[in-house]
Amino acid sequence: MSNVFDGDSPTNLAEYSVSELSGSIKRTVETAFDQVRVRGEISGYRGPHSSGHAYFALKDDRARIDAVIWKGTFSRLKFRPEEGMEVIATGKVTTFPGSSKYQIVIETLEPAGAGALMALIEERKRKLGAEGLFDAARKKRLPFMPGVIGVVTSPTGAVIRDILHRISDRFPVHVLVWPVKVQGDGSGEEVANAIRGFNALEPSGAIPRPDVLIVARGGGSLEDLWSFNDEIVVRAAADSAIPLISAVGHETDWTLIDYAADVRAPTPTGAAEMAVPVKAELEAQAAALAARLQGCMNRQMDQRRQSVRALMRALPSLDQLLALPRRRFDEAAIGLGRGLELNTINKRHGFERVAGHLRPDVLSNRIAERRQTLNERMARAERMVERLIDRSKARVDRAEAILASLPARLKTRTDRGRERLGNLSRHADTAVRHQLTRARAELSAQDRVLQSLSYKNVLKRGYAVIRDEDNRPVSQAAHLSAGMGIAIEFADGRVGAMTTEGGAPPAGVKKRSAKPAEPPKQGSLF
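Each step along the sequence shown adds one to the number in my numbering, with nothing skipped, and position 148 is 162.
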């Protein structure tokens, strides 16, 4: 600050620099508004910055003020700010000299009454309900007797001890605890990750997969239970393939996870009672069923025994059953002796009839007849063999005649083939000579054409070809510069040269005698 009086200045006001004025305003604002409570609606909130700080604004129907929550303060908030939420912010007002702006640095943040939170919960409930996350058709039945129970809760609170004690009293089973925070920043993400982690376990892995899940927390205010209203927790509960029991708060406390869970328990202890049955009651029920089964079996046996006795009374006696077969047996025994005698007599008569035909003269006649038949058949067979032999000899004779004339036929055919082959060979030699003659004539004609078109014939008439350093022909002097190496090709070979500027030839070089006028130059062949 300068306090020098300038005689030429129209006033004697103190003179400030911009930095001095901005610093003075900053100190004045921070002194006057060191601690304030501001009520307004959150606007422009996009979550925490990559640095961890959160920048947004508070507004009402007539004004707007910028706000910032530093990283350390943001991690201690009980709930996350959201766009459009009406809150009460406590902090101090300060200025930002770099841009002549002022803002409030928030130290604590709370919703503007429970009504605002309830309105936010209702809005989120309508949104998730419209997606079908709360439909009864999505809910799964709890297993009657689970082998493993997974519990998502704080490992240090009384909730886990109550659940373990109640399960141990009713039906001891294997309990897996996934420790999480149930309040404060990051608790919602931990609960959602725990639910997904239990679902990701393999049924036959080293850590057994639970048959039912319990998400539990003790009672508290609406702000304390706010983590269980997070959208990420509700979606994780709705997507769980394992049946899930929600046991958050007391019986009068309701959170959004209660709508997405398969079953809601009024208390954590009630969740343990829903998860497992009472072992003693099951044993008593099993004993009662066993007694009823034994009584039913006894009554059934008594009924079957009475039925068998009734059937036995209806059956005839043993003498009555065997009377008819015994009589038939006696009658058969009486007729057996007589039947054997008659059978023997009949067999003897049949033998006597057959024996009457077995006389020696009958047998001799039959043998003579069979011998004559055999001789006739042998004579016919001999005649047939002789005819077959004669036929075979005739065939052999014909084959020998054919074989005798075969060499002459083969020689005739060989001579004819050799003569035809010689004729074909002479024709082929004549055709090849004619073809070679025509090819030589065509090649000579092509060579004459090539020689007539070759530029070397032009070189023989006294011309030369100038080539640059890349062995490319040079057709114009403008393409050359002084000091460039060139090659001059004549008809009998090439020589190297170095270019100079135009004009008279260099000293020491003899001029050629004047030549007679040359005929008009021929155009370039290139």
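Using N, Cα and C, we set each Cβ at its ideal position, and we do this for glycine too.
In this text, all values refer to a predicted model and were calculated from it rather than measured experimentally.
CA-to-CA distance, residue j to residue i, given in whole angstroms
{"i": "Gly202", "j": "Arg180", "result": "26 Å"}
{"i": "Pro62", "j": "Tyr69", "result": "7 Å"}
{"i": "Ile177", "j": "Pro186", "result": "11 Å"}
{"i": "Ala286", "j": "Val165", "result": "10 Å"}
{"i": "Ala77", "j": "Phe242", "result": "34 Å"}
{"i": "Phe343", "j": "Glu355", "result": "19 Å"}
{"i": "Thr42", "j": "Val32", "result": "15 Å"}
{"i": "Ile209", "j": "Ser254", "result": "7 Å"}
{"i": "Leu27", "j": "Ser36", "result": "17 Å"}
{"i": "Gly232", "j": "Thr167", "result": "9 Å"}
{"i": "Asn389", "j": "Asn379", "result": "16 Å"}
{"i": "Thr542", "j": "Ala418", "result": "Outside the shown range of the chain (15 to 540) lies residue 542, about which nothing can therefore be said."}
{"i": "Gly364", "j": "Asp375", "result": "22 Å"}
{"i": "Ala305", "j": "Arg323", "result": "27 Å"}
{"i": "Ala251", "j": "Pro280", "result": "17 Å"}
{"i": "Tyr469", "j": "Gly476", "result": "12 Å"}
{"i": "Trp240", "j": "Leu123", "result": "14 Å"}
{"i": "Ser114", "j": "Pro125", "result": "30 Å"}
{"i": "Asp238", "j": "Phe93", "result": "9 Å"}
{"i": "Glu34", "j": "Val107", "result": "19 Å"}
{"i": "Arg362", "j": "Leu332", "result": "45 Å"}
{"i": "Gly353", "j": "Ala347", "result": "10 Å"}
From the options, residue whose alpha carbon lies closest to that of residue i
{"i": "Ala206", "options": "Glu136, Glu400, Asp183, Leu258", "result": "Leu258"}
{"i": "Ser38", "options": "Ile256, Val290, Thr109, Thr281", "result": "Thr109"}
{"i": "Val40", "options": "Asn360, Arg90, Ile102, Ile118", "result": "Residue identity differs from the one stated: residue 40 is Lys in this sequence, not Val. When only C-alpha atoms are compared, the closest one is Ile118."}
{"i": "Ala491", "options": "Gly510, Asp149, Thr514, Ile256", "result": "Thr514"}
{"i": "Gly54", "options": "Phe47, His67, Lys73", "result": "Lys73"}
{"i": "Ala65", "options": "Thr45, Arg508, Ala46, Ser89", "result": "Sequence check: residue 65 is Ser here, not Ala. The option with the nearest alpha carbon to Ser65 is Ser89."}
{"i": "Arg291", "options": "Asp461, Ile135, Phe158", "result": "Sequence inspection shows Pro at residue 291; the Arg mentioned does not correspond to that position. Checked all of Asp461, Ile135, Phe158; the closest Cα to Pro291 is Phe158."}
{"i": "Ser235", "options": "Ala328, His264, Thr428, Lys85", "result": "His264"}
{"i": "Ile135", "options": "Lys153, Met99, Gly364, Asp225", "result": "Met99"}
{"i": "Val52", "options": "Ala289, Asp75, Ile79", "result": "Ile79"}
{"i": "Ala496", "options": "Pro487, Arg481, Met512, Asp506", "result": "Met512"}
{"i": "Trp192", "options": "Ile163, Gly200, Gln449", "result": "Ile163"}
{"i": "Phe268", "options": "Lys139, Thr426, Lys115, Thr45", "result": "The sequence shown places Trp at residue 268, rather than the Phe named in the question. Taking only the C-alpha atoms, the option nearest Trp268 is Lys139."}
Per-residue DSSP class, three states only, for residue i
{"i": "Thr109", "result": "strand"}
{"i": "Ala46", "result": "helix"}
{"i": "Pro520", "result": "Note that Pro520 has pLDDT 45, beneath the 50 cutoff, so the model's placement of it is unreliable and no number is given."}
{"i": "Leu123", "result": "strand"}
{"i": "Val196", "result": "coil"}
{"i": "His441", "result": "helix"}
{"i": "Ile259", "result": "strand"}
{"i": "Val368", "result": "helix"}
{"i": "Pro169", "result": "coil"}
{"i": "Tyr30", "result": "coil"}
{"i": "His63", "result": "coil"}
{"i": "His188", "result": "strand"}
{"i": "Met99", "result": "coil"}
{"i": "Asp2", "result": "There is simply no residue 2 to check, as the chain begins at 15 and stops at 540 in what is shown."}
{"i": "Pro533", "result": "Caution is warranted here: a pLDDT of 49 is assigned to Pro533, below 50, making its placement in the model unreliable, and no coordinate value can be reported."}
{"i": "Ile480", "result": "strand"}
{"i": "Arg80", "result": "Note on identity: in this sequence residue 80 is Asp, with Arg being the wrong assignment. Note: Asp80 maps to strand in three-state DSSP."}
{"i": "Glu145", "result": "coil"}
{"i": "Ser36", "result": "helix"}
{"i": "Ile135", "result": "helix"}
Boundaries of the alpha helix (DSSP H) in which residue i is found, first to last residue
{"i": "Leu473", "result": "469-474"}
{"i": "Lys154", "result": "First-last for Lys154: undefined, no H or E at that position."}
{"i": "Tyr273", "result": "270-274"}
{"i": "Leu296", "result": "293-328"}
{"i": "Ala491", "result": "Here Ala491 belongs to no alpha helix (DSSP H), and DSSP marks it neither H nor E."}
{"i": "Phe93", "result": "Run containing Phe93: none; DSSP gives neither H nor E here."}
{"i": "Arg231", "result": "Element bounds for Arg231: not the alpha helix (DSSP H) but the beta strand (DSSP E), 226-231."}
{"i": "Ala279", "result": "Where Ala279 is concerned, there is no enclosing alpha helix (DSSP H), given that its DSSP letter is neither H nor E."}
{"i": "Gly202", "result": "201-214"}
{"i": "Gly499", "result": "Here Gly499 belongs to no alpha helix (DSSP H); instead the beta strand (DSSP E) covers 499-504."}
Neighbourhood of residue i by C-beta, 6 Å cutoff - its chain only, sequence neighbours within 5 removed
{"i": "Ser260", "result": "Val229, Ile271, Asp272, Ala275, Arg278"}
{"i": "Asp244", "result": "Gly202"}
{"i": "Arg384", "result": "none"}
Cβ neighbours of residue i in the same chain (closer than 8 Å, five flanking residues each side left out)
{"i": "Ile120", "result": "Ala81, Val82, Ile83, Thr87, Ala103, Thr104, Gly105"}
{"i": "Gly517", "result": "Reliability fails at Gly517, whose pLDDT of 43 lies under 50, so the model's placement of it is uncertain and no value is given."}
{"i": "Glu96", "result": "Ile56, Tyr59, Leu134"}
Beta-carbon proximity list for residue i, same chain, < 7 Å, skipping 5 on both sides
{"i": "Phe504", "result": "Leu473, Ala478"}
{"i": "Asn213", "result": "Ser254, Ala255, Ile256"}
Start and end residues, beta strand (DSSP E) containing residue i
{"i": "Met512", "result": "507-512"}
{"i": "Ala71", "result": "68-73"}
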